[in-house]
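One structure is given below, encoded as structure tokens.
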Amino acid sequence: MSTRQSGRPATHPVVGLLEQAVAARPEGIAIETSDRTITYRELGDEVADLAAWFGAQGVVPQDRILIRAERGSGFVTALLASWSAGAVPAPVDGAHPEARIARYRRAARPRWVLSPAPEPALVRLDDGHAPAPDDGLSHILFTSGTTGDPAAVAVGPEPLRAMSRWYAEQFAPGPTDRVALLGGLGHDPVLRDLIAALLGTATLVVPDPEVLGRPGRLAAFAERAELTVLHCTPALLEFGLLLGTDPDHRLPRLRLILCGGAPLPGEIAERTKLLCDTARLLNVYGTTETPQIAAAHELRAPRGEGEHVPIGSGVAGAVVLLGSELPGTGPAADEIVVRSRNLALGYLDDKRSADRFRPDPLGEEGYRLYLTGDVGARGADGELHVTGRADRQISVNGYRVALQEIEAAATRHPQVARAAAALEAGPRGDVLALTVTVRDGSSLTPAELRRHLRGELPAHAVPSAVGFGESVLDPNHKTRLVSNG
23 MSTRQSGRPA THPVVGLLEQ AVAARPEGIA IETSDRTITY RELGDEVADL
73 AAWFGAQGVV PQDRILIRAE RGSGFVTALL ASWSAGAVPA PVDGAHPEAR
123 IARYRRAARP RWVLSPAPEP ALVRLDDGHA PAPDDGLSHI LFTSGTTGDP
173 AAVAVGPEPL RAMSRWYAEQ FAPGPTDRVA LLGGLGHDPV LRDLIAALLG
223 TATLVVPDPE VLGRPGRLAA FAERAELTVL HCTPALLEFG LLLGTDPDHR
273 LPRLRLILCG GAPLPGEIAE RTKLLCDTAR LLNVYGTTET PQIAAAHELR
323 APRGEGEHVP IGSGVAGAVV LLGSELPGTG PAADEIVVRS RNLALGYLDD
373 KRSADRFRPD PLGEEGYRLY LTGDVGARGA DGELHVTGRA DRQISVNGYR
423 VALQEIEAAA TRHPQVARAA AALEAGPRGD VLALTVTVRD GSSLTPAELR
473 RHLRGELPAH AVPSAVGFGE SVLDPNHKTR LVSNG
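Position 189 (the sequence shown) corresponds to 211 in the numbering used here; numbering is contiguous.
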């Protein structure tokens, strides 16, 4: 794809927020971890030093840097320094398997790979993957592809600028705010955590790993760290904030919770409002391609049992609607479409971009459409709800996962002939399940297959149920796998 645009600003919008914060509150605490605090002055100096070091190593504007990220101050500094140097960061979670990171690298075609911790290590790639510099890129993020490989989404600076303006107008972050760094590393919402803190010269609070990995730990962390702002998924709300928490307990310091990444069940929303009874709770909708937040609904009235909270109306200049509400022919009638001036530039794969990013049928200057692949419907009150996916992508704990991606990973095992992944209903909720057919003479065990998958997939995409089956033809003459168990 071509991402070249004219008029790229000299200062990246998020770097501009940092500069304003350093000038306004130099001795304020910018980042707090369990063992360190960093003032805005110190953060500004660290970013400037790292950006200068990038330049000394040979990084030039629009060079792509794959950042192998760990949750901490080093990740924040690396991201800001990349932008300050005019480079294009492509962050990935450094905890992902090496095979997975290699596929991210192939998708992004970076010139450099950065490992930020414990000391920055920058490696230049001379393997032919790096393209010529291309004006207009801010950063690259990844989503699940339909072929087993991740899709690289190229994002310009304008969506971040538009989201920053909207966020500041709606929520007025300030110096007394304490924002948790909860977003998945390499996942769009992590930028929201950073921007919210910078907008208010607030403190970005970094949780220890066990906070996100054990039930109820987020509630204890929120209380101990005196958090005021949370951006999280419905699964993290339930698992981290509600599970194991006394129903009579309250978290009065929290004033704002933005929940996105998956449909928000009304029951989870109501329990969250009870626990955080002074907080504003909004269900937000967006994709990596939109990017950030395209629609929002603030929960005010109770939801009925079994209902999901609607996604609300478009924000920050975006319009969110159904395909049937657009003139002419194009998207499926029930597909959710985002119409905006601030979409991602596209995928680095031109064919994929042409399929999902479309011209504006109204012909208004600067507007384009993004076909999300989400299926939606309007309720009796006219509110828009997400009801599923048009393709075989699902949401697992707020992460988009392509079932084909899991199947492709499974069939890379030499003893697996075919694989079928699905989200299945279980007694305690939906379960990500995988059924495989093995080759003749195979001695593969479920434990061995899980070990293989953990080496191929991010943790959230590894099925919790693995079984063996055989191939049969369904009535439409398509192959499906039937479990032997």
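Yeah, the Cβ is synthetic: ideal placement off N, Cα and C, and Gly gets one too.
Please report the distance separating the alpha-carbon of residue i from that of residue j.
i, j, result
"I60", "E41", "15 Å"
"E5", "D199", "Nothing about residue 5 can be read from this structure; the chain reaches only from 23 to 507."
"S335", "L258", "24 Å"
"A100", "V69", "7 Å"
"A432", "T457", "9 Å"
"P111", "I87", "5 Å"
"V359", "E141", "43 Å"
"L425", "P172", "12 Å"
"A430", "A483", "12 Å"
"R293", "Q79", "51 Å"
"E386", "G395", "23 Å"
"T223", "A46", "8 Å"
"I315", "V227", "22 Å"
"P269", "G238", "12 Å"
"L495", "R461", "Caution is warranted here: a pLDDT of 34 is assigned to L495, below 50, making its placement in the model unreliable, and the coordinate value is therefore given only provisionally. Going by the C-alpha atoms only, they are around 18 Å apart."
"R146", "V135", "7 Å"
"V331", "A117", "33 Å"
"A52", "L216", "10 Å"
"A43", "G96", "19 Å"
"V36", "T467", "49 Å"
"G108", "F76", "10 Å"
"G477", "A129", "18 Å"
"L393", "A301", "33 Å"
"P274", "G282", "22 Å"
"G463", "Q437", "9 Å"
"L144", "L72", "11 Å"
"G410", "V397", "5 Å"
"L102", "H253", "20 Å"
"I89", "V114", "6 Å"
"G158", "Q84", "8 Å"
"A247", "R434", "44 Å"
"W105", "R380", "28 Å"
If you run the structure through DSSP and keep just helix, strand and coil, what is residue i?
i, result
"H482", "helix"
"S362", "strand"
"A447", "strand"
"D396", "strand"
"Y307", "strand"
"T99", "helix"
"R508", "Any answer about residue 508 is impossible in this case: the structure gives the chain only from 23 up to 507."
"H34", "coil"
"D377", "helix"
"T433", "helix"
"Y189", "helix"
"G336", "strand"
"L384", "coil"
"V44", "helix"
"L425", "helix"
"E320", "strand"
"E492", "strand"
"L343", "strand"
"E357", "strand"
"R239", "helix"
"D372", "helix"
"V473", "In the sequence as presented, Val is not what sits at residue 473; that position holds Arg. Helix at R473."
"L406", "strand"
"A412", "coil"
"A184", "helix"
"A244", "helix"
"L39", "helix"
Am I right that residue i and residue j are in contact with their C-beta atoms under 8 Å? What's the rounded C-beta distance?
i, j, result
"A291", "L303", "6 Å"
"E446", "A412", "The pair is not a contact, with the Cβ atoms about 20 Å apart (cut-off 8 Å)."
"R472", "V488", "6 Å"
"S137", "H34", "Not a contact, Cβ separation roughly 22 Å."
"M562", "A338", "Nothing about residue 562 can be reported from this structure: the residues present for the chain run from 23 to 507 only."
How about residue i: is its C-beta nearer than 8 Å to some C-beta of chain D?
i, result
"S95", "No chain D is part of this structure, which consists of one protein chain only."
Could you tell me whether any non-hydrogen atom of the ligand HEM is closer than 7 Å to the CB of residue i?
i, result
"R414", "By its list of ligands, the structure shown contains no ligand whatsoever, and the ligand HEM lies outside what it can speak to."
How do the region 419 to 435 and the region 348 to 363 stand: do at least 3 beta-carbon pairs fall below 8 Å, yes or no?
Taking 8 Å as the limit for Cβ pairs, the verdict is that the region 348 to 363 does not touch the region 419 to 435.
At what residue ranges does the region 199 to 236 contain a whole run of the alpha helix (DSSP H), taking only runs of 4 or more?
Segments of the alpha helix (DSSP H) lying fully in the region 199 to 236: 211 to 221 and 231 to 235.
Minimum length 3: unbroken beta strand (DSSP E) runs contained in the region 254 to 313:
Fully contained in the region 254 to 313 are the following beta strand (DSSP E) runs of length 3 or more, in chain order: 278 to 281 and 302 to 307.
Taking the runs of the alpha helix (DSSP H) that are 4 residues or longer, which of them lie wholly in the region 63 to 139?
95 to 106 and 120 to 130
Would you be able to state if there are at least three C-beta pairs under 8 Å between the region 173 to 180 and the region 222 to 241?
no
Please confirm if the region 231 to 251 is in contact with the region 441 to 448, defined as three or more CB-CB distances below 8 Å between the two stretches.
no
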